[in-house]
Amino acid sequence: MLLSAIVFAVSLLVSGIQAQSFDPQSVPDDLKLSWCDAQLAACPKVCKSFASVNKCDANDLSFTCTCGDGSTPDLTKYMNTIPYFICTATYGQCVKSHPDDLSGQRACKTNQTKCLGTIDPLKSASTTSQIGQTSAAKPTGKPTVTPTTTSEPAATTTD
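Throughout the sequence shown, residue numbering follows mature numbering (1 follows the signal peptide of the UniProt record, and there is no 0), covering -19 to -1, 1 to 140 in sequence.
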C-alpha cells in the first residue's frame, strides 16, 4: 500500500514537471549539429585529450564518448555536452508548459539544477578545439557532423 502511494506521488511530480520528455525533433537541425560539434569537442577534453570513441548523431542526439583508458565519463557534470543542452532545452520546454504557474516553473528550475552540468571542459584546455570557445549552441558554419553520420574518433579529426 505504501509503495503504491509513493509511486503515485512520484508519477504526479514527474508528469507535472515533464522533465524526462525531451523530443530531439523539437530542436532545429542546425542547432542539433552545433550541439554535436560541442559534444565532439568536449569529449576529448574530458578524456584528457584522448577519446578512443567520440561519436554524435545529430538526428536523435545520441552520442558515445569513451576515453582511451576505456572509461566512460559522466558528461552530465559538464557544460557544452549533449546532456547539458538537453537539460537546458528541457527546462525551456518545461517553463513554456507552465505559463502563469509559479510553482510549476519553480519545479522546472529545481529539476534543471539537478541535471545542469557546471564544469566547462574547454576552459581548462590548453589547445584549441574544433569550435573554439563557443559556449552557446550556435552553428559554426562548418559542421563536423551531418544529420545522418557520426564523426570519426577525435584523434583522427582535423578541421
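Idealized CB from N, CA, C, for every residue including glycine.
Practice item. For the alpha helix (DSSP H) holding residue 92, just list the boundary residues, first then last. Key: To locate residue 92, count along the sequence shown from 1; it is residue 111. Residues 83 to 96.
Runs of beta strand (DSSP E) wholly within the region 34 to 87 (minimum 3 residues, chain order): 43 to 48
- Query: Rounded C-beta distance between residue 49 and residue 24? I'm assuming under 8 Å.
  - Reply: Taking the first residue of the sequence shown as position 1, residue 49 is located at position 68. Taking the first residue of the sequence shown as position 1, residue 24 is located at position 43. About 11 Å; that fails the 8 Å criterion.
- prompt: Can you name the start and end residues of the alpha helix (DSSP H) that residue 15 belongs to?
  reply: Taking the sequence shown and counting its residues from 1, one reaches residue 15 at position 34. Where residue 15 is concerned, the enclosing alpha helix (DSSP H) stretches over 10 to 27.
Original post:
Taking the C-alpha atoms as reference points, what is the distance between residue 8 and residue 73?
Top reply: For this step, residue 8 is matched to residue 27 along the sequence shown. For this step, residue 73 is matched to residue 92 along the sequence shown. Each residue's Cα considered, the two are about 12 Å apart.
Notebook entry, point to check: Given residue 59, which residues of its chain have a CB within under 7 Å of its CB, disregarding the five upstream and five downstream residues?
Noted result: Residue mapping note: residue 59 aligns to position 78 of the sequence shown, counting from 1. For residue 59, where only same-chain residues beyond five positions count, the Cβ hits under 7 Å are 23, 27, 65, 98, 100 and 102.
message = Which residue wins for smallest C-alpha separation from residue 38, given the options 53, 19, 68 and 79?
response = Here residue 38 is taken as the residue at index 57 of the sequence shown, counted from 1. Checking every option, the nearest Cα to that of residue 38 belongs to 19.
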